[in-house]
Amino acid sequence: MEPLQLKQAFKEIFDTEPILIKSPGRINIIGEHTDYNGGLVMPAAINKAVYVAISKRDDSEIHLFSESYQEKYTGHFSSVKKSETAWANYILGVVDGFLKRDLTLSGFNLYIYGDVPLGAGLSSSAAIECATAYALAQLNELSVAKMDLALIAQKAEHEFAGVNCGIMDQFASVFGKADYAMMLDCRSLKHEYIPLKLDGYKLVLLNTNVKHSLSDSAYNDRRAQCEQGVAWVKAHHPSVEFLRDVSEDMLLTHVQPQNNEVYTKCSFIVAEIERVKKAAAALKDGDLKELGRLMLETHEGLSKAYEVSCKELDFLVDQVKEVDEVLGARMMGGGFGGCTINIVKDEAIEELIEKVSKLYNEQFGLSLSAYVVQTGNGSEVINL
Ligand code: ADP
Ligand code: MG
Numbered sequence: 001m002e003p004l005q006l007k008q009a010f011k012e013i014f015d016t017e018p019i020l021i022k023s024p025g026r027i028n029i030i031g032e033h034t035d036y037n038g039g040l041v042m043p044a045a046i047n048k049a050v051y052v053a054i055s056k057r058d059d060s061e062i063h064l065f066s067e068s069y070q071e072k073y074t075g076h077f078s079s080v081k082k083s084e085t086a087w088a089n090y091i092l093g094v095v096d097g098f099l100k101r102d103l104t105l106s107g108f109n110l111y112i113y114g115d116v117p118l119g120a121g122l123s124s125s126a127a128i129e130c131a132t133a134y135a136l137a138q139l140n141e142l143s144v145a146k147m148d149l150a151l152i153a154q155k156a157e158h159e160f161a162g163v164n165c166g167i168m169d170q171f172a173s174v175f176g177k178a179d180y181a182m183m184l185d186c187r188s189l190k191h192e193y194i195p196l197k198l199d200g201y202k203l204v205l206l207n208t209n210v211k212h213s214l215s216d217s218a219y220n221d222r223r224a225q226c227e228q229g230v231a232w233v234k235a236h237h238p239s240v241e242f243l244r245d246v247s248e249d250m251l252l253t254h255v256q257p258q259n260n261e262v263y264t265k266c267s268f269i270v271a272e273i274e275r276v277k278k279a280a281a282a283l284k285d286g287d288l289k290e291l292g293r294l295m296l297e298t299h300e301g302l303s304k305a306y307e308v309s310c311k312e313l314d315f316l317v318d319q320v321k322e323v324d325e326v327l328g329a330r331m332m333g334g335g336f337g338g339c340t341i342n343i344v345k346d347e348a349i350e351e352l353i354e355k356v357s358k359l360y361n362e363q364f365g366l367s368l369s370a371y372v373v374q375t376g377n378g379s380e381v382i383n384l
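Number 356 in the UniProt record's numbering belongs to position 356 of the sequence shown; there are no gaps in the numbering.
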């Protein structure tokens, strides 16, 4: 749906002129499971987004319509709470965040459309939240800092979607910039734009279309193992707060003798944070080959040491890692399903997708989805 069509669709339902806002989904180039360890991540916004058309109402009502679900939701400011309508919760959570900050809103009509695939790990949820937050700030002429919009969006995800996420997804959706990735420090929220010049290559996402149920319990286990490692080091180095403050030497001295399993998990995180820094240096040097090598190293670590991959993700990486036209590949996101991210030479993309889809289907009886993505800008108003 083009922005003009969105405007038309809005007018047909709400019979008034809207303003249009978009906020993108995101990828993560490198830096997995580092966020909750106070470490570094390297997301980039993509050219797939959630679009909202919005207008003021004279009352204090909230009228929503979702293009994807062909469904309406109607509510009132006096009773903003978690609803049965799952997609509306991402919007209501953001409204709640504005109200809790004593930011005055008028009632509104909102039409939502998006082309970020749902539940594929590209954070369509952050895209809705950030599009809503940006739209409400614009509509009500509120001067809310961009970081606060991201924080309101994150809180909506915690409280209305029940997902205790870090800040990466919402940060990337709000702050993204075409042709750049962002190295984000998850502790200080300081960030740096890193040029992502892919001359002759593109980012290709291969979606396993699986989500193994192990994911929640494993996530909690890993967090606990990281915290345990920190506690053992902290007993000797009181200033240590996160694995981010810990070196491999400290792990060898204080964690490995206590428990080898915990050591292995912590050691992966310490190495992964270093890899994000190395990846930023490689990108600044225009060395895509080195970035690719680091991504493969990340996958190896996530699969063998951190143990959050699955057979489908490993299969997809195995199929491409010896291919000359593929510089790098790894699972992306928390694990146990979702997508792999690959750097693939332009001319080879079509054939590679065809070949891997066929092999994937033969192996697992599942269909593979592939998305060729480009980087894009963060939350913005669309002027027609
Ligand atoms: P992810 O963020 O990885 O895409 P989530 O499960 O966190 O997956 O969020 C997906 C949910 O977000 C969907 O089930 C739906 O409720 C909501 N959503 C995402 N995009 C849209 C959209 N364009 N319109 C309506 N709801 C959407
Ligand atoms: Mg999500």
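Note that CB positions come from ideal geometry on N, CA and C, so glycine has one too.
Item: Continuous alpha helix (DSSP H) stretch holding C226: start and end; Value: S215 to K234
Item: contact_flag[the segment 2-12, the segment 145-158] where n(CB pairs < 8 angstroms) is 3 or more; Value: no
Item: C-beta atoms of I112 and S66 nearer than 9 angstroms; Value: yes
Item: N-terminal and C-terminal residue of the alpha helix (DSSP H) that S357 is part of; Value: I349 to F364
Item: Nearest-angstrom Cα separation, counted from L99 out to P117; Value: 30 angstroms
Item: Own chain, CB closer than 6 angstroms to K155, minus 5 neighbours either side, in chain order; Value: G97
Item: Alpha carbon of E248 to alpha carbon of L384, nearest angstrom; Value: 53 angstroms
Item: Range of the contiguous alpha helix (DSSP H) that encloses Y36; Value: Counting along the chain, Y36 falls outside any alpha helix (DSSP H), and DSSP gives it neither H nor E.
Item: Stretch pair the segment 33-43 + the segment 69-85: three plus CB contacts closer than 8 angstroms; Value: no
Item: Candidates L64, Y306, H299 and D324: closest to V317 by CA position; Value: H299
Item: heavy atom of the ligand MG below 8 angstroms from S123 C-beta; Value: yes
Item: Inter-residue Cα distance where the pair is I349 and K202; Value: 8 angstroms
Item: Distance CB(G166)-CB(D35) smaller than 9 angstroms; Value: yes
Item: Distance cut-off 8 angstroms: A126 Cβ against heavy atoms of the ligand MG; Value: yes
Item: Euclidean distance between Cα positions of S367 and D216; Value: 24 angstroms
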